[in-house]
Structures are given as structure tokens and as C-alpha cells.
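Student: Have a look at this one.
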Amino acid sequence: LKLGLHRMAKNYYFPGWHQPTTLFELMVNLDKWKSLPATAKAQVEAVCGDNVRHGLAEGEAKQYAALKELQSEGVEFRRWPSEILDALKTAWTAVVKEESRADADFRRVWQSLSAFREDYAIWSELSSPY
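The letter at position 68 of the sequence shown is residue 67 when you use my numbering, and the numbering goes up by one with no holes.
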């Protein structure tokens, strides 16, 4: 809303296929992390955990107010057609294959994320549509 995009674009498409979730991350050099005392590690972990919990709770709580405001500004909510979502997935799959061949770190991270998403799908499917 602060950027004013709703004044230029009156269609808001869902789902946000490009970002199905918000990620919170902190990257620390592993050698530096290992050199920290246990109390400092515990403090960093506590602050990061609190940031994730607060960010998720606040983000969820603010969504409906932002959507209501967008509606009041004349923005229409639309779902991406399945053909477009399928095409986006196909294109992304091609990118993933290419990047995985070219970059071992990308491949390792993608395999880990894919395994998590596959496991998480069990919960997601059981929870749906609620």
C-alpha cells in the first residue's frame, strides 16, 4: 500500500506462486558461529525464534486489513488461471534443473527444500480447506 501500486494496478492475482511463504533468515559464518559461547548462541536463537513468531503472527493479522483497504480502493482480487500456474511451474522446473546442474550448492538447497515441501504437503492436504 505504501508504494501506491494499487493506484496503477487494479487486479491482484492469487496465489502468490513466487512466494508461497515468508522466509526469515540470518546467515552467520559457520566458523564464527562455532566460536561463540553457548549463551550468545542461545540469545541469537531466542531472538530469531521470536522474530519468526512475531513476524508470522503480525503478517497474518495485517493481511485482512490490507486486503479490505485494497478493495475499498477498487482493486479486484483474481485467481491465476490453472494454465498460467502450470506454465509458471514448467518454466521454474526448467530453471531448477539448469541451476542444479551448474551449482552444487543450489542443488543441495533445492533438494532439501523439495524434501521439506513434500513432507509438509501431508499436513497441508489434511488441513485443507481450513
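Cβ coordinates follow ideal geometry from the N, Cα and C atoms, glycine included.
Candidates A8, A114, V94 and V27: which alpha carbon is nearest E44's?
Tutor: Residue V27 is the option with its Cα nearest to E44.
Student: Run through DSSP, which three-state label would E57 get?
Tutor: Helix at E57.
Student: So what does DSSP say about E44, is it helix, strand or coil?
Tutor: If DSSP states are grouped into helix, strand and coil, E44 belongs with the helices.
Student: Per DSSP, F13 forms a beta bridge with which residues?
Tutor: In the DSSP output, where bridge partners are listed per residue, F13 has R78.
Student: Would the beta-carbon of W109 fall within 9 Å of that of W16?
Tutor: Taking 9 Å as the Cβ cut-off, W109 and W16 do not qualify as a contacting pair.
Student: What are the start and end residues of the alpha helix (DSSP H) that includes R6?
Tutor: Where R6 is concerned, there is no enclosing alpha helix (DSSP H), given that its DSSP letter is neither H nor E.
Student: Helix or strand or just coil, what does DSSP make of N50?
Tutor: N50 falls in the helix class under three-state DSSP.
Student: Under the three-state reduction of DSSP, which class applies to F115: helix, strand or coil?
Tutor: Here F115 sits in helix by DSSP.
Student: Between which residues of its own chain and V74 is the CB-CB distance below 6 Å, once the five residues before and five after are set aside?
Tutor: For V74, where only same-chain residues beyond five positions count, the Cβ hits under 6 Å are H5, K9 and Y11.
Student: Among residues of its own chain, excluding the 5 on either side of T21, which ones have a beta-carbon nearer than 8 Å to its beta-carbon?
Tutor: Once the five neighbours on either side are set aside, the close Cβ partners of T21 are G54, L55 and G58.
Student: Please classify F23: does DSSP put it in a helix, a strand, or coil?
Tutor: Coil at F23, not helix or strand.
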